[in-house]
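>
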Amino acid sequence: MKVGLSTYSLSRAVADGEMTFLDTVKWIADNGGEHVEISSGKINLTEEPALVEAIRKQADVSGIDVSDYAIGAQFVQPDEASYEAEIARVMKHVDVAHALGVKLMRHDVASRPIPDATLVNFIADLPKLAEACRRIADYAAQYGITTSVENHGYYIQHSDRVQALVHAVGRDNYRTTLDIGNFMCADEDSVVATRKNLPIASMVHIKDFYLRPFHQNPGEGWFRTAGGNYLRGAIVGQGDIDIRTVLKAIKDSGYDGYLSIEFEGKESCTYGSKVGMENVRRLWDEV
Numbered sequence: 029m030k031v032g033l034s035t036y037s038l039s040r041a042v043a044d045g046e047m048t049f050l051d052t053v054k055w056i057a058d059n060g061g062e063h064v065e066i067s068s069g070k071i072n073l074t075e076e077p078a079l080v081e082a083i084r085k086q087a088d089v090s091g092i093d094v095s096d097y098a099i100g101a102q103f104v105q106p107d108e109a110s111y112e113a114e115i116a117r118v119m120k121h122v123d124v125a126h127a128l129g130v131k132l133m134r135h136d137v138a139s140r141p142i143p144d145a146t147l148v149n150f151i152a153d154l155p156k157l158a159e160a161c162r163r164i165a166d167y168a169a170q171y172g173i174t175t176s177v178e179n180h181g182y183y184i185q186h187s188d189r190v191q192a193l194v195h196a197v198g199r200d201n202y203r204t205t206l207d208i209g210n211f212m213c214a215d216e217d218s219v220v221a222t223r224k225n226l227p228i229a230s231m232v233h234i235k236d237f238y239l240r241p242f243h244q245n246p247g248e249g250w251f252r253t254a255g256g257n258y259l260r261g262a263i264v265g266q267g268d269i270d271i272r273t274v275l276k277a278i279k280d281s282g283y284d285g286y287l288s289i290e291f292e293g294k295e296s297c298t299y300g301s302k303v304g305m306e307n308v309r310r311l312w313d314e315v
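What follows is the structure, encoded as C-alpha cells:
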C-alpha cells in the first residue's frame, strides 16, 4: 500500500500561481507522498508531450510512482458523431497514460443534472455507456492499462450503478476508482458503499466531508447532495466520514494498491493535503 496525492488537491495553488503543475509532483514527494495521481484539470496533456515527459522524469528524480491518470469524459451525447468523437478523444488520453508509464487510468463516463440523474435514465443509457467503456478498455489493454469509472458526478455515483456498469462492460481491465467520499453525494453511507465496491476497485481515493441534513442549511460554502443534504470538503480524518472503519474495511479486504488523497476543504490546499496524507498513514497503521 502506498499513500499519495492527486494533483487535483493542489489545483488551487496552481491556479493562484503559487506553483506550476510540475512543482506539484516535487511537492508531493517532499511532503511524504509515495505516489502522484495525475489529474491535469484544464491542461490538455494530449497537446503537451514535453510536459508528460517532464512529469515522468520529475517523479523518477523525486523517487515516487506516477500511479494513475484521471480525466473527464461524457458519453451521453446528442448524436452518434459526437459519441464517436468522445470515444476517440479518450483513446488519445490512453496514449498519454502509456507515455506517463501508468497502468491505471480513470475516465469519467457520464453526468446529468440532478433532476435527470434518475435510475430510469441510467438503465436506458447503460448499453451505450458500457459500449464506450468496453472499446476504451480494449484499446488500453495493448498497454497493460486498467481503465476505471469513478463514483462521480451524481449520475453514476451510487455503488449499485457503478457495479452495474463494470459488470456490463465485462472486461478484466475495467474496474472502479473507488472514492470513499463521493458516495455521500448520492446520500450513501461511505462505510457500507466502500465495502460493497472494494471487490471491483483498481484504485482508492480517500477524501472527507462535513455533512449536515437538508433541513439545517449551514450557509455559504456548502453544496447539496442528490437528496438535498449539505456537504463541505474537510481534511481527511477531521470530517464526518468514519475514516477508521473505512480504512479497516480496505485493509481487511486485502487491497494493497494506491491510496490517493483528494483534498477539497477550505483550508490552504498545501496544509490540508499534507495533514490528510499524514492522517491516512497514521490511521492505516492504527487499524
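In our numbering, each residue's number is its place in the sequence shown (first place is 1) plus 28.
All residues carry an ideal CB built from backbone N, CA and C; glycine is no exception.
Computed from a predicted model, the values in this text were never measured in an experiment.
1. Per DSSP, which residues does A168 bridge with? Please list them.
2. Which residues does DSSP list as the beta-bridge partners of V80?
3. Find the nearest neighbour of M119 within the set D270, A196 and Y167, judged by alpha-carbon distance.
4. Would you decide whether I151 is buried or exposed? Buried here means 16 or more other CB atoms lie within 10 Å of its CB.
5. Going by beta carbon distance, what residues of the same chain come within less than 6 Å of A221, once the five residues before and after it are set aside?
6. Please list the terminal residues of the continuous alpha helix (DSSP H) segment that includes I56.
7. Could you tell me which of D217, Q266 and V264 sits nearest to N257, measuring between CA atoms?
8. Would a C-beta distance cut-off of 8 Å place L50 and I71 closer than the cut-off?
9. In three-state DSSP terms, what is G293?
10. Mind checking whether D93 and K30 have CB atoms under 8 Å apart?
11. I'd like the span of the beta strand (DSSP E) that includes E65, first residue to last.
12. Is the CB-CB distance between V53 and L128 below 8 Å?
13. Could you check what DSSP says for T174 in three-state terms: helix, strand or coil?
14. Counting along the chain, where does the beta strand (DSSP E) carrying D280 start and finish?
15. Below 6 Å CB to CB, which residues in the same chain sit around K235 once its five sequence neighbours on both sides are set aside?
16. Select from I228, E292 and V264 the residue whose C-alpha is nearest the C-alpha of G304.
17. Assign F103 to one of two classes, buried (16 or more other C-beta atoms within 10 Å of its C-beta) or exposed (fewer than that).
18. What separation, rounded to the nearest whole angstrom, lies between the Cα atoms of H126 and Q191?
19. Let me see if you follow: with CB-CB separation under 8 Å, is L73 close to chain C or not?
20. Taking only three categories from DSSP, how would you classify S187?
Walking through what the data contain:
1. In DSSP, A168 forms no bridge with anything.
2. Answer by DSSP bridge pairing: none, since V80 is not bridged.
3. Y167
4. With fewer than 16 other Cβ atoms within 10 Å, it is exposed.
5. S187 and F211
6. F49 to D58
7. D217
8. no
9. strand
10. yes
11. H63 to S67
12. no
13. strand
14. From DSSP, D280 is part of no beta strand (DSSP E) but of the alpha helix (DSSP H) over I271 to D280.
15. G209 and E290
16. V264
17. buried
18. 26 Å
19. Absent from the structure: chain C. Only one protein chain is present.
20. helix
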